[in-house]
Amino acid sequence: MKFASPALALAAFVTSAAAQLTILSPGGPDLWWVAQSQNTVIWTCDTSPYSTFTVLIDNSDPKILTSELAIIAQQENFDCSETISQYQVTMPAASGYTLIFANPLNNTDVYAQTQPFEIKALGATYPAASATPTGGSSATVSGSSSAAASGASASSTAATSSKKNAAGRVAAPVVALAALAAAAGIAFA
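Numbering (mature numbering (1 follows the signal peptide of the UniProt record, and there is no 0)), first residue to last: -19 to -1, 1 to 170.
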């Protein structure tokens, strides 16, 4: 029983180190959105310590957007992705956009933020599905995005595959924790 406290401390440390929320797409120069079109946001739901969050969009240029704008008031984390309709985000084509996941009760409590990304003009092609990082997911996406519609489909396929594999990815940190405890000679009684 003496080892119960160190084991719990180790478990808390490993869990907090692994628990983070990361927005995988959009963000950066290779993952953009297309104006007046459906676009998808993808995040690491399997490592997030948050059950819900607010999704906001911002732009570094106050001529484009004067302040953060909530596009989803309360998003469930377990969804792993969300398709944003052309009616939810009516931003003009420009660069310097970021998406922010924040506490639904206090938007200044930021959980995650994308790298700056661009919203390209209507009719632009979507990024290749292979450009979206998987965040350690075992999902495989193939195909091309030669047209806007196929890019949306590829993004949707990646998000769906991510949802299907989420249960398996959640078990991995628990197995790793048990292995660390066993290696340290800590027995759970």
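Yeah, the Cβ is synthetic: ideal placement off N, Cα and C, and Gly gets one too.
Which class does residue i belong to by DSSP, given the choice of helix, strand or coil?
i, result
"A11", "First, the residue type needs correcting, since residue 11 is Asp and not Ala in the sequence shown. Coil."
"T35", "strand"
"T79", "strand"
"T21", "strand"
"S126", "Note on S126: pLDDT 35, under 50, position unreliable in the model; the coordinate value appears next. DSSP places S126 in coil when its eight states are reduced to three."
"S131", "Here S131 scores only 37 on pLDDT, less than 50, and its place in the model is too uncertain to base an answer on."
"Q1", "coil"
So, are the CB atoms of residue i and residue j less than 8 Å apart?
i, j, result
"Y92", "L2", "yes"
"A75", "N40", "yes"
"L37", "L50", "yes"
"T113", "L12", "yes"
"S6", "T21", "yes"
Judging by CA-CA distance, which residue of the options is the nearest neighbour of residue i?
i, options, result
"I23", "E63, F82, Q96 and G104", "E63"
"Q56", "N84, S48 and S6", "N84"
"I65", "W14, L5, I4 and G9", "W14"
"A102", "Q67, I81, L86 and P73", "P73"
"Q69", "N58, D90, E99 and A54", "A54"
"I52", "P43, P97 and Q67", "Q67"
"N58", "S48, Y31, L5 and I81", "Y31"
"P10", "P97, A109 and T115", "P97"
"T95", "L80, T89 and S111", "L80"
"T35", "P43, P108 and D90", "D90"
"G8", "E99, N88 and S48", "E99"
"I4", "T71, T33, S18 and C61", "C61"
"N88", "A110, D27, P43 and S48", "S48"
"F82", "T71, T33 and A110", "T33"
"S18", "K44, S29, T115 and T71", "T71"
Practice task
Report the residue ranges of all beta strand (DSSP E) runs contained in full by the stretch 59 to 111; include only those spanning at least 3 residues, in chain order.
Solution key: 62 to 65, 75 to 84, 87 to 94 and 98 to 101
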